[in-house]
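Trainee:
There are 2 protein chains.
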Amino acid sequence: MERTNKPDTTDCRPLSEALSKIGDKWTILIAIELEDGPKRFSALQRSVEGVSQRMLALTLRRLERDGLVERTVYPTKPPSVEYALSDLGREMTVPVKALGTWVAENLIRIERARLKFDTALD
Amino acid sequence: MERTNKPDTTDCRPLSEALSKIGDKWTILIAIELEDGPKRFSALQRSVEGVSQRMLALTLRRLERDGLVERTVYPTKPPSVEYALSDLGREMTVPVKALGTWVAENLIRIERARLKFDTALD
DNA sequence: CCGGATCCGCACGGATACTG
DNA sequence: CAGTATCCGTGCGGATCCGG
């Protein structure tokens, strides 16, 4: 059943699972926000603005668990926590932003298609 | 508020919205499946296998609305419907598969990170 | 054979309040 | 400041039935 060499599409299930996580509403925004450099929890919440602290905490924990961001606790008073992209995370932003760039550049085409589709329903 | 030139990250909201749709569980699998060529509804349901016909229909309609796939009805008896990637859709699979490839190649690193993270909880 | 319509469970995600 | 815990509404997604 090996028609050609398609190493990435053979086992799609875990792949799509991972993509689902990346494609989730906040992950990308947070990752992009961290590209500018390390940020603290509250700073992130202000930057992304719209994210609840619950989702922010959950997403950050997942990113940390996946080794995409690194969490550093500074034992100051009051304690502050910084989140930064790991090497792996920085690598990931490359294809992610490539996709993002494509979407941004072709969003107008998509919207045109939607308009055409919707008006064709009459 | 224009700090530097970041054409794709300035207005992240519609972008992340679009990415959320792409990142949804079925969209990518279906798009990749359609790369091999046009397929009929039932054929798709068999290929992707695991998708309910509801989700398949919904996803296909959204892809069609976004101008990423084209739906062709053949007035045979019984009627058959073929779905195919549009030019826009084929373009999109390039960055999508780039992301997919990256994930596939680094999945083991992610899983290692998870294992390390989980075992560190003792 | 293609897909729309409906019912419904359940997980995701927001709001709020509370702890270190 | 940086989270965790709880409550709860909403919408996604599966199963099933029905129509074209």
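Same order as they appear, the protein sequences are chains Z and U. In terms of UniProt numbering, the first sequence is residues 1 to 122. In terms of UniProt numbering, the second sequence is residues 1 to 122. For each residue, glycine too, the CB sits at the ideal point set by N, CA and C. Since this is a predicted model, take the numbers as computed values, not measurements.
1. Assign residue 116 of chain U to one of three DSSP states: helix, strand, or coil.
2. May I ask which residues mark the beginning and end of the beta strand (DSSP E) holding residue 85 of chain U?
3. My understanding is that residue 18 of chain U touches residue 107 of chain Z, with C-beta atoms under 8 Å, so please give their C-beta distance in whole angstroms.
4. Residue 85 of chain Z to residue 50 of chain Z, Cα distance in whole Å?
5. Quick check on DSSP: helix, strand or coil for residue 96 of chain U?
6. Near residue 74 of chain Z, what residues of its chain come up, given a Cβ to Cβ distance below 8 Å and the 5 sequence neighbours on each side ignored?
7. Which of the three DSSP states, helix, strand or coil, is assigned to residue 51 of chain U?
8. Distance, Cα to Cα, residue 27 of chain U vs residue 52 of chain Z?
9. Which partner residues of residue 72 of chain Z appear in the DSSP bridge assignment?
10. Compare the C-beta of residue 40 of chain Z with all C-beta atoms of chain U and state if any pair is closer than 8 Å.
11. Taking the CB atoms as reference points, tell me whether residue 113 of chain U and residue 65 of chain Z lie closer together than 8 Å.
12. Over the uninterrupted alpha helix (DSSP H) stretch that includes residue 29 of chain U, give me the two end residues.
13. Strictly under 8 Å for the Cβ-Cβ distance: is residue 103 of chain U near chain Z by that measure?
14. Return no unless some Cβ of chain Z is closer than 8 Å to the Cβ of residue 30 of chain U.
15. Let me know if residue 96 of chain Z comes out buried or exposed under the rule of 16 or more other beta-carbons within 10 Å of its beta-carbon.
16. So if DSSP puts residue 39 of chain Z in a beta bridge, which residue, or which two residues, is it bridged to?
17. Beta-carbon separation of residue 31 of chain Z and residue 93 of chain Z under 8 Å?
18. I want to verify the contact list: residues of chain Z whose CB lies under 7 Å from the CB of residue 25 of chain U, in sequence order.
19. Whose C-alpha, out of Z:37, Z:21, Z:99 and Z:16, is nearest the C-alpha of residue 71 of chain Z?
20. Measure the alpha-carbon distance for residue 4 of chain U versus residue 24 of chain Z and round it to whole angstroms.
21. How many Å lie between residue 119 of chain Z and residue 59 of chain Z at the Cα?
22. Report yes if the C-beta distance between residue 56 of chain Z and residue 44 of chain Z is below 8 Å; otherwise report no.
Mentor: Let me spell this out:
1. By one-based count along the second sequence, residue 116 of chain U stands at place 116. Here residue 116 of chain U sits in helix by DSSP.
2. By 1-based counting over the second sequence, the position of residue 85 of chain U is 85. Segment 80-85, the beta strand (DSSP E) holding residue 85 of chain U.
3. Within the second sequence, residue 18 of chain U is the residue found at index 18, counting from 1. Within the first sequence, residue 107 of chain Z is the residue found at index 107, counting from 1. Contact between residue 18 of chain U and residue 107 of chain Z holds: CB atoms are separated by about 7 Å, below the 8 Å threshold.
4. Start at 1 with the first residue of the first sequence, and residue 85 of chain Z comes out as number 85. Start at 1 with the first residue of the first sequence, and residue 50 of chain Z comes out as number 50. For residue 85 of chain Z and residue 50 of chain Z, the distance between alpha carbons rounds to 21 Å.
5. Within the second sequence, the letter at position 96 stands for residue 96 of chain U. The three-state reading of DSSP puts residue 96 of chain U in helix, counting H, G and I together.
6. For the purposes of this step, residue 74 of chain Z is identified with residue 74 of the first sequence, where counting begins at 1. Cβ within range, chain order: 80, 81 and 82.
7. Position 51 of the second sequence, counted from the start, is the residue given in the question as residue 51 of chain U. Three-state result, residue 51 of chain U: coil.
8. Stepping through the second sequence from its first residue, residue 27 of chain U is reached at position 27. Stepping through the first sequence from its first residue, residue 52 of chain Z is reached at position 52. Rounded to the nearest angstrom, the two C-alpha atoms are 27 Å apart.
9. Numbered from 1 along the first sequence, position 72 holds the residue referred to as residue 72 of chain Z. Answer is Z:82, bridged to residue 72 of chain Z.
10. Taking the first sequence and counting its residues from 1, one reaches residue 40 of chain Z at position 40. With respect to chain U, the C-beta atom of residue 40 of chain Z has no partner C-beta closer than 8 Å.
11. Looking up residue 113 of chain U in the second sequence gives position 113. Looking up residue 65 of chain Z in the first sequence gives position 65. Taking 8 Å as the Cβ cut-off, residue 113 of chain U and residue 65 of chain Z qualify as a contacting pair.
12. Looking up residue 29 of chain U in the second sequence gives position 29. From DSSP, the alpha helix (DSSP H) with residue 29 of chain U extends over 27-35.
13. On the second sequence, residue 103 of chain U is found 103 positions in, with the first residue counted as 1. At a cut-off of 8 Å between beta carbons, residue 103 of chain U contacts chain Z.
14. Taking the second sequence and counting its residues from 1, one reaches residue 30 of chain U at position 30. Chain Z, which has no Cβ nearer than 8 Å to the Cβ of residue 30 of chain U, makes this no.
15. The count along the first sequence starts at 1 and reaches residue 96 of chain Z at position 96. Result: buried.
16. One-based indexing of the first sequence puts residue 39 of chain Z at position 39. Its beta-bridge partners are Z:83.
17. In the first sequence, residue 31 of chain Z corresponds to position 31, counting from 1. In the first sequence, residue 93 of chain Z corresponds to position 93, counting from 1. Going by C-beta atoms, residue 31 of chain Z is nearer than 8 Å to residue 93 of chain Z.
18. Within the second sequence, numbered from 1, the residue matching residue 25 of chain U stands at position 25. Within chain Z, the residues near residue 25 of chain U are 16 and 20.
19. For this step, residue 71 of chain Z is matched to residue 71 along the first sequence. Answer by Cα proximity: Z:37.
20. By one-based count along the second sequence, residue 4 of chain U stands at place 4. By one-based count along the first sequence, residue 24 of chain Z stands at place 24. Low confidence applies to residue 4 of chain U: its pLDDT is 39, below 50, so where it sits in the model is not reliable enough to give any reading.
21. Indexing the first sequence from 1 puts residue 119 of chain Z at position 119. Indexing the first sequence from 1 puts residue 59 of chain Z at position 59. Distance between the alpha carbons of residue 119 of chain Z and residue 59 of chain Z is about 38 Å.
22. Here residue 56 of chain Z corresponds to residue number 56 of the first sequence, with the count starting at 1. Here residue 44 of chain Z corresponds to residue number 44 of the first sequence, with the count starting at 1. A contact, by the Cβ cut-off of 8 Å.
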